[in-house]
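Oh and the sequence shown: position 128 is 196 in the numbering used here, straight run, nothing missing. Note that CB positions come from ideal geometry on N, CA and C, so glycine has one too. Model, not experiment: these values are computed from the prediction. Take a look at the structure below.
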Amino acid sequence: MTVLSDRDIKKELISGRLVVQGIDIEEVSLACVDLSLGNRFRIFKHTEITHIDTRHKVSDDELMDLIEVGNEKPFIIHPGELVLGITKEYIKIPDDLVARLDGRSSLGRLGVVIHSTAGSVDPGFEGYLTLEIANISKVPVVLWPGSKIARLTFDRLSSPCETPYNKKKGAKYYKQTGPWASKIGQD
């Protein structure tokens, strides 16, 4: 695999094979595309559920509340809290690229982690990216929708994927439109 440079990322965007809606192509730098925080979040409820059994489906509404932050309003993430957020940008990956999602060092230095395990974006994926945002610091951190929160880098595969995500049976998060909760019970 080869990591794409800014030149190659721009070529992919201009050709329309790679789509990152909502970015200015001139903002592509080095070997990445910066992504911004959207304004929708899923936060865990305080419930009477004693555990989550990963073999059984649990509805989004049982565990989490969906909230939308208004224009120019912050979202505060508290110490030890995990929330699902979403990127402002809509992504479409061609079947011969894979993307890697990374947090920003400046946020990491404040204890904000933007993904627990979902750092890879499969060939053929399309939709908004769900962020698994955690605050591992000892103080609340104020996040602002629209601000830079993550970056994507792209690797070219040795050949196009035989079954890209958009053609995979059971592609649970294809064309996701919000911070969708876990669908592990559908495995």
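Apply the 10 Å Cβ neighbour rule to residue i and answer buried if 16 or more other Cβ atoms are within range, or exposed otherwise.
i      : result
Thr155 : buried
Thr198 : buried
Phe193 : buried
Ala218 : buried
Val101 : buried
Pro147 : exposed
Gly195 : buried
Ile161 : buried
Pro228 : exposed
Gly153 : buried
Asp163 : buried
Glu230 : exposed
Val88  : buried
Glu157 : buried
Just the C-alpha distance for residue i and residue j, rounded to the nearest angstrom, thanks.
i      : j      : result
Gly214 : Glu140 : 9 Å
Ile159 : Lys235 : 16 Å
Phe109 : Asp133 : 8 Å
Ser205 : Val181 : 10 Å
Glu200 : Leu150 : 7 Å
Leu211 : Ser104 : 11 Å
Arg264 : Asp92  : Any question about residue 264 goes unanswered here, given that the chain covers just 69 to 255.
Ser97  : Ile120 : 41 Å
Asp170 : Thr122 : 26 Å
Ser83  : His114 : 47 Å
Leu81  : His124 : 40 Å
Asn203 : Leu131 : 19 Å
Gly90  : Gly238 : 28 Å
Ala186 : Val71  : 19 Å
Lys216 : Ser184 : 18 Å
Less than 8 Å between C-beta atoms, sequence neighbours within five positions excluded: which residues of the same chain meet that for residue i?
i      : result
Val166 : Met69, Ser188, Val189, Asp190, Pro191, Phe222, Asp223 and Leu225
Val137 : Asn107, Arg108, Phe109, Phe143 and Pro213
Ser173 : none
Leu86  : Ile77, Glu80, Lys160, Ile161, Pro162, Leu165 and Phe222
Quickly, what does DSSP pair residue i with across the bridge? List them, please.
i      : result
Ile201 : Val151
Glu136 : Arg108
Lys216 : Ser104
Ile120 : According to DSSP, Ile120 bridges with nothing at all.
Asp170 : Arg219
Ile61  : The chain is shown from 69 up to 255; residue 61 falls before or after that span and cannot be answered.
Ser263 : This structure leaves residue 263 out entirely; the chain is present only between 69 and 255.
Glu194 : Lys160
Could you say which of the options lies nearest to residue i if we only look at CA atoms?
i      : options                           : result
Glu95  : Asp74, Ser83 and Thr115           : Asp74
Leu175 : Glu116, Phe112 and Val209         : Val209
Ile77  : Asp92, Glu130, Ala99 and Lys237   : Ala99
Gly246 : Ile135, Thr185, His183 and Leu220 : Ile135
Gly179 : Ala186, Ile145 and Lys216         : Ile145
Quick check: does the Cβ of residue i come within less than 8 Å of any heavy atom belonging to the ligand PLP?
i      : result
Tyr196 : As for the ligand PLP, it is missing from this structure, which has no ligand bound.
Output needed for residue i: all residues of its chain with C-beta closer than 7 Å, excluding positions within five of it in sequence on either side, in chain order.
i      : result
Gln244 : Gly195, Tyr196 and Thr198
Ile271 : Limits of the chain in this structure are 69 at one end and 255 at the other, which puts residue 271 out of reach.
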